[in-house]
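Under this note's numbering, the first sequence has 75 at position 68, and the numbering climbs by one with no breaks. First the structure, in the form of structure tokens, and then the observations on it.
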Amino acid sequence: MDDLDLKIESPRVRIAPSPTGALHIGTARTALFNYLFSKRYGGKFILRIEDTDLERSKPQWEEDIIENLRWLGVDWDEGPNPENPKEYLGDFGPYRQSERKKTYEEYIKKLIDQGSAYYCFCTPEELEAKKNYFMSIGKAPQYDGKCRELSGSEVKKNISLGKPSAIRFKTPKKKIVFDDLIHKKIEVDSSLLGDMVIAKNTSLPLYNLAAVIDDYAMQITHVIRGEDHISNTPKQILLYEALGIEPPRFGHLPLILGQDRSKLSKRHGAVSLKEYKKEGYLPEALVNFMVFLGWNPDTDREIFSMPSLIKEFSLEKCQKSAAVFNQNKLLWINGFYVRQKNIKKLTELCLPYLMEANLIQPVLESQKYPPVFGGETIRQKFLISESQETVDIDYIEQIISFYQERLKVLSEISELTDFFFKKNVIIQKDMLKWKTADDKTALDALKSAENILSDIKDWTQEKIKDRLLIEAQNFKTGDRGYFLWPLRVALTGKKASAGPFEIAAMLGKEKTIARIKEAQKMLF
RNA sequence: GGCGCAUUCGUCUAGCGGUUAGGACAUGGCCCUUUCAAGGCCAAAAUACGGGUUCGAUUCCCGUAUGCGCCA
């Protein structure tokens, strides 16, 4: 097909999040792109947890990352074992940076021994002053190389004196050019980089060095990451060269932006996968949405499942410019996937929300509470909290089916359907009146509905509909709303809902009539 | 401040020298309809600016502007 395709064979790619917070939607998207790329070309996708920052790294965040990537269906071939995170799947562990000190030490020593790196004893104050100086004369603030030529004995002396130090890279001055998988040619002049700090000490590398060593150790062939790393890439290339290692290919994905076009972050609202999961977004919707932020298949098709993405995906079709996170489109895609779900599955997914709103409860004690959002919940019988009536799952299924095409996110279900489970509905009097109707018209409609419904013995949706529709026609020619609207409001208390026939059928004769009577009282 | 990256409807995007600049979300209108959805139809809506190159630039090159990112 194209050049890129021909060259890619069994790639090894990775996502390397730090467990310092919940899985971010941007990280998830980068993971997804890596995953798709690896599957498209028959390679491996690796999850590497980067826990160098011991202060901020927490096991709970590692769990969150693992749980939510799996939930999305972005599964790794090598990485922490989800069943037992202490274990590493694959041949290239251990994945914990905190457990790889020995390896790092080897490389750092090598760099020092061969003269590619050196100890620097400059104090933060000194550095700050230099930085300010360079800034003041309009130059890039870079290290002036003061400790670069320190003799071996001086270094030894300083170390034995316990002087605080860092390890700097002797940045060679050259033009670095690399062929980005997405941006094509990128050129940087390394003389602008200065001698960067690559390690705090001989066993503690900083980000760029650690990434280089780990990617090499894991035989990563393609580093696909966010555009915010473009400026790290030339530095890493220099490190690869100093270490005598062939660098991998690099590809930099455009960033996701918030409404204000700055990098998507917490102040833009929900950014973690777990928040979206809790709100009731479906993983397939999130995947479909995320992939379209920076990629598109060159057709008018908007809906893609994971398998079809794997078939279609190509970095060639990735966008170069950043994309604003479009909440509305996500909502739309989610609604689409909700409508596609089979009703049993959808009901299962909605149950936790109904329980959380305390509308219903599981009957069996063995059934877990509180429910797990997005998890599996299989229950057969439920107790309606207010009335203590027991209902079958079919009953709930039926209710949810009325709302399937109205649901955008799962969490809306309780607000939409609460009147089925509550004893009384709260009705505002004026809401009962359709268009120009006065109290009397609304009252007449309700009375008439009550009479008709009271006569129905065979309480089925079809019967109810047939009878009511005839009356609706007669009640006021040309606008059935005068008859139907007050009825629907009497039953639901809501301006918007499913139709009155199906609602009446579900509510049962007794409750239906009772609610109609209640509503009539307001109009006397 | 330096360096880097980017720039097509409000948003996501198609386009890879000649198109009535296409699609989707959102918006507005109409149809269907008791309401809300869903669905159908229609409308409004974009090539940042300035130079080149070319018979011809949204497309290629160079500036400018703007935005974003990184460094410290």
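The beta carbon of each residue, even a glycine, is placed where N, CA and C say it ideally should be. None of the values given here were measured: they were computed from a predicted structure.
{"query": "How many angstroms separate the CA atom of Cys154 from the CA atom of Cys129?", "result": "7 Å"}
{"query": "Please report the distance separating the alpha-carbon of Phe351 from that of Val398.", "result": "In the sequence as displayed, the identity of residue 351 is Lys instead of Phe. One C-alpha to the other measures close to 16 Å."}
{"query": "Going along the chain, which residues of its own chain have a beta-carbon closer than 7 Å to the beta-carbon of Lys65, five neighbours each way excluded?", "result": "Pro26"}
{"query": "Following the continuous alpha helix (DSSP H) through Lys164, name the residue where it begins and the one where it ends.", "result": "159–167"}
{"query": "Leaving out the 5 sequence neighbours to the left and right, which residues in its chain are closer than 7 Å to Arg386 when beta-carbon positions are compared?", "result": "A caution first: Arg386 carries a pLDDT of 49, below 50, which makes its placement in the model too unreliable to give a value."}
{"query": "Between Ile523 and Leu476, how many whole angstroms is the CB-CB distance? I'm expecting something under 8 Å.", "result": "Not really, about 17 Å apart at Cβ, beyond 8 Å."}
{"query": "Rounding to the nearest angstrom, what Cα-Cα distance links Phe409 and Glu509 in this structure?", "result": "8 Å"}
{"query": "Can you look up Arg386 in the DSSP assignment and give me helix, strand or coil?", "result": "At Arg386, the pLDDT of 49 sits below 50, so the modelled position is not reliable and the matter cannot be decided from this model."}
{"query": "Under 8 Å: do the stretch 114–134 and the stretch 75–90 share three or more Cβ pairs, one atom per stretch?", "result": "no"}
{"query": "Note down, in chain order, each residue of its chain lying with its Cβ closer than 6 Å to the Cβ of Gly488, except the 5 sequence neighbours on either side.", "result": "Trp441"}
{"query": "Per DSSP, what kind of secondary structure is Ser279 in: helix, strand or coil?", "result": "strand"}
{"query": "Rounded to a whole number of angstroms, what is the C-alpha to C-alpha distance between Ala330 and Ser455?", "result": "57 Å"}
{"query": "In chain order, what are the residue ranges of uninterrupted beta strand (DSSP E) at least 3 long that sit wholly in the stretch 203–234?", "result": "204–208, 229–233"}
{"query": "Just to confirm, is the Cβ distance from Asn341 to Lys415 under 7 Å?", "result": "yes"}
{"query": "Roughly how many whole angstroms lie between the Cα atoms of Lys327 and Leu439?", "result": "55 Å"}
{"query": "Is the distance from the Cβ of Leu54 to the Cβ of Gly86 below 7 Å?", "result": "yes"}
{"query": "Secondary structure at Trp302, three-state DSSP: helix, strand or coil?", "result": "strand"}
{"query": "Across the stretch 35–43 and the stretch 297–307, are there enough close Cβ pairs to call them in contact, namely three or more that are closer than 8 Å?", "result": "yes"}
{"query": "Which residue wins for smallest C-alpha separation from Met39, given the options Tyr247, Leu322, Ile115?", "result": "Sequence inspection shows Leu at residue 39; the Met mentioned does not correspond to that position. For Leu39, the nearest C-alpha among the options comes from Leu322."}
{"query": "Is DSSP giving Tyr125 helix, strand or coil here?", "result": "strand"}
{"query": "Pull up the distance between the alpha-carbon of Ile407 and that of Ser421, whole angstroms please.", "result": "10 Å"}
{"query": "Starting from Arg495 and walking both ways along the alpha helix (DSSP H), at which residues does that stretch end?", "result": "488–499"}
{"query": "Could you check where the alpha helix (DSSP H) with Ala444 kicks off and where it finishes?", "result": "Taken as a continuous stretch (DSSP letters only), Ala444 belongs to no alpha helix (DSSP H), as it is neither H nor E."}
{"query": "Assuming Leu371 and Leu450 are in contact, meaning their beta carbons sit under 8 Å apart, how far apart are those beta carbons, in whole angstroms?", "result": "About 45 Å; that fails the 8 Å criterion."}
{"query": "Sort out for me which residues DSSP pairs Lys51 with in a bridge.", "result": "Arg19"}
{"query": "Under DSSP, the alpha helix (DSSP H) around Ile477 begins and ends at which residues?", "result": "468–482"}
{"query": "Determine the direct distance from the alpha carbon of Ala173 to that of Glu133, and round the result to whole angstroms.", "result": "14 Å"}
{"query": "Taking the beta strand (DSSP E) that Gly258 falls in, what are its first and last residues?", "result": "256–260"}
{"query": "Roughly how many angstroms separate the alpha carbons of Asp186 and Leu216, rounded to a whole number?", "result": "21 Å"}
{"query": "So, Leu43 versus Leu316, is the Cβ gap smaller than 7 Å?", "result": "yes"}
{"query": "Please return the same chain residues whose Cβ sits closer than 6 Å to the Cβ of Ser105, not counting the five positions on each side in sequence.", "result": "Asp58"}
{"query": "Which residues share a DSSP beta bridge with Glu6?", "result": "The chain is shown from 8 up to 531; residue 6 falls before or after that span and cannot be answered."}
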